[in-house]
Amino acid sequence: MIKSIEGNFDHPDVNDLLTKHFIELRAASPEGSAHVLDIPGLKIPSIKFWSLWENDKLMGCGALKFLDKDHGEFKSIRVHDNFRKKGNGEKVINHLIYEAKKLNIKRISIETGSGKFFEPARKLFEKCNFKPCEPFAHYKVDINSLYLTKLLNNN
5 MIKSIEGNFD HPDVNDLLTK HFIELRAASP EGSAHVLDIP GLKIPSIKFW SLWENDKLMG
65 CGALKFLDKD HGEFKSIRVH DNFRKKGNGE KVINHLIYEA KKLNIKRISI ETGSGKFFEP
125 ARKLFEKCNF KPCEPFAHYK VDINSLYLTK LLNNN
């Protein structure tokens, strides 16, 4: 059974996972093309964050940033190494979509890298029916970034 906890940044396992995520994404992204948020960046009021747990083990995490009342952006989606390659990325995304729908979000967008390091993320978002789109919010055209979006059916 998967349990979701909102905003528990201070849990050591969550803190470690987010720190690893931040370091790896900064290292994999060229200067000026890294859009990963650190923990203080995830704590701003326009962002909601959840960690997902399976039998008291951290499975993964993700955040929803409100761009406007109908449009959200997924941030900091990460699956713990012990839970990778087992379909858990989809579970994290599906949970975030569930939370977004509860908040009446109609469209979800995401920015991810275009390089080889980000290939698993791109495959996951494609599997979850995200489609390529133009840059949104503050993003600009960047050969190092790929922008994806998905309309949510809030019925």
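Positions in the sequence shown are counted from 1; adding 4 to them yields my numbering. All C-beta atoms, glycine included, are put in the ideal place defined by N, C-alpha and C.
Expected contact under 8 Å - CB spacing of residue i and residue j to nearest Å
i	j	result
L56	V96	6 Å
K69	K79	5 Å
E2	I6	Since the displayed the chain opens at 5 and closes at 159, residue 2 lies outside it and no answer follows.
Same chain, Cβ closer than 8 Å to residue i, five either side skipped, listed in chain order
i	result
N148	S33, P34, S37, G117, S118, G119
K135	L152, T153, K154
Y143	H39, E115, S149, Y151
Same chain, Cβ closer than 6 Å to residue i, neighbours up to 5 away in sequence not counted
i	result
P26	This sequence places Phe at residue 26; Pro is not what is there. Answer for F26: V40, D42, listed in chain order.
F164	The question about residue 164 has no answer here: the residues shown for the chain are numbered 5 through 159.
D74	K110
Collapsed DSSP secondary structure at residue i in the structure displayed
i	result
F53	strand
L46	helix
L156	coil
L41	coil
E35	coil
Status (buried if at least 16 other CB within 10 Å, exposed otherwise) for residue i
i	result
A67	buried
L107	exposed
V83	buried
S50	exposed
Same chain, Cβ closer than 7 Å to residue i, neighbours up to 5 away in sequence not counted
i	result
S8	W54, L56, H99
R30	A38, V40
K47	F13
Q.
Suppose only complete runs of 4+ residues qualify. What are the alpha helix (DSSP H) ranges in the segment 61-94, listed by chain order?
A. none
Q) Mind pulling the beta strand (DSSP E) runs of 3 or more residues that sit fully within the segment 105-148? A) Correct list: 111-117.
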